[in-house]
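Each remark here refers to the structure printed beneath this line.
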Amino acid sequence: MSRAMLRRPLLLAGLVLTTALSLVAILSLFWTPFSPAKMQITSRLKSPLEYGLLGTDQFGRDVASMLMAGAWNSLSTAAVAVAIGASIGTLVGLTVAARGGWRSAVVMRGCDIIFAIPPILSAMMLAAFIGAGQFTAIIAIAVFMVPVFARLTLGAATQIWTLPYVSAAIGMGRAEWKITLVHVLPNIAGQIIVQVTIQLGLAILTEAGLSFLGLGMAPPAPSWGRMLADAQTYVGQAPWLALLPGLAIFLSVLGFSLVGDGLRDHLDRRS
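Residues in the sequence shown are numbered consecutively from 1, following my numbering.
Next up, the structure:
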């Protein structure tokens with residue numbers, strides 16, 4: 001980590017939050033205080049520290065264990081969805097930027113059409129055909145991510161194609177794909193990485209919203225969004241059931257947003 005990054009407290013705060021989230025998510029694969037799916041009706045709605053670290057829910061399940069397992073489910077869903085969307089969108093943007101012409105207008109209009117369909121509506125349509133679940137959430141989020149990266153890549157790559165050294169490479173007879181890989185992609189990789197980081201936070205938030213509506217992770221797999229949905233009935237009796245998953249979602253989105261903004265400032269030569 002460079003000294004310039006160390007001088008950015010918000011970036012460091014984001015790195016701390018995202019690192020903590022990742023470590024908790026990985027740890028949940030090997031260990032949780034209790035089984036996240038284990039129900040103990042006799043211990044239902046126990047307050048924090050009365051039973052376990054963060055209490056129990058309406059079925060007697062350990063809230064801390066559910067939050068840990070939910071971290072992995074949320075992070076893995078968001079990461080896979082963003083990876084798919086970024087890969088397809090970047091490929092489309094690079095290809096269209098290399099060819100130019102009417103293709104750019106077609107891609108832009110296609111992106112506008114996809115932006116007009118919210119991920120939640122896409123998930124509802126997918127759920128009607130293939131059923132609700134993690135796969136539905138991943139596809140719905142990924143479809144929305146494709147135009148984000150396509151527009152970003154197309155705009156950035158088009159500018160690179162107008163630079164003198166790229167024109168020189170064209171004059172030397174180099175193939176479009178070689179110019180794209182050697183000259184274009186390395187110069188826009190920083191922007192793509194920043195966008196990936198920001199979209200990870202948005203994907204976690206979207207996954208929580210889909211799970212809240214019953215379109216995300218299928219029971220009994222823990223999910224922060226479904227924990228919030230289940231806690232609505234018990235807000236007055238057990239407010240921690242809503243506060244804890246809500247705080248987890250907030251800190252996760254905040255962490256990735258801070259990292260994205262910090263990286264953008266760090267990679268911007270003008271700053």
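For glycine and all other residues, C-beta sits at the position ideal for the given N, C-alpha and C.
I need the DSSP call for residue i, collapsed to helix, strand or coil.
| i | result |
| --- | --- |
| D62 | strand |
| R8 | coil |
| T136 | helix |
| S271 | Note that S271 scores a pLDDT of 47, beneath 50, so its modelled location is shaky and nothing firm can be said. |
| T56 | strand |
| Q159 | helix |
| Q191 | helix |
| L247 | helix |
| V282 | For residue 282 there is no data in the structure shown, the boundaries of the chain being 1 and 271. |
| T32 | coil |
| I117 | coil |
| A221 | coil |
Let me confirm a value: residue i is counted as buried when at least 16 other C-beta atoms fall within 10 Å, else exposed. Which label applies?
| i | result |
| --- | --- |
| S167 | exposed |
| R151 | buried |
| L17 | buried |
| L94 | buried |
| A116 | exposed |
| V106 | exposed |
| P318 | What is shown of the chain runs 1 to 271, which leaves residue 318 out entirely. |
| S271 | The predicted model places S271 with a pLDDT of 47, which falls under 50 and marks its position as unreliable; any figure quoted below should be read in that light. Exposed is the call here. |
| A175 | exposed |
| V184 | buried |
| L126 | buried |
Between residue i and the ligand ADP, is the CB less than 8 Å from at least one heavy atom?
| i | result |
| --- | --- |
| T206 | As presented, the structure is devoid of all ligands, the ligand ADP included, so that no description of it is given. |
By Cβ distance below 6 Å, which residues in the same chain neighbour residue i in space, the five residues on each side in sequence not counted?
| i | result |
| --- | --- |
| T158 | A97 |
| L258 | L10, A13 and G14 |
| L200 | A78, V82 and F256 |
| S74 | I204, E207 and W224 |
Of the residues the options, which one's Cα is nearest the Cα of residue i?
| i | options | result |
| --- | --- | --- |
| V194 | R264, E207 and Q134 | R264 |
| R44 | V24, D62, P33 and I84 | D62 |
| F250 | A238, I204 and A132 | I204 |
| A156 | A132, G190 and A123 | G190 |
| L67 | G255, A79, A81 and G52 | G52 |
| G60 | P48, S76, I41 and W72 | I41 |
| F256 | A229, A78 and L163 | A78 |
| T180 | V92, V235, M217 and L21 | V92 |
| L247 | E50, S35 and L228 | L228 |
Going by beta carbon distance, what residues of the same chain come within less than 7 Å of residue i, once the five residues before and after it are set aside?
| i | result |
| --- | --- |
| A81 | I138, I141, A142, M145 and A203 |
| G209 | I120 and G225 |
| P48 | L54, G55 and W240 |
| I198 | F256, S257 and G260 |
| I130 | T136 |
So, for residue i: in the same chain, excluding its five sequence neighbours on each side, which residues have a beta-carbon less than 8 Å away from its beta-carbon?
| i | result |
| --- | --- |
| M39 | F59, G60 and R61 |
Practice problem: Taking 8 Å as the threshold, find out whether the region 85 to 95 comes into contact with the region 140 to 149 through three or more Cβ pairs. | Solution: yes
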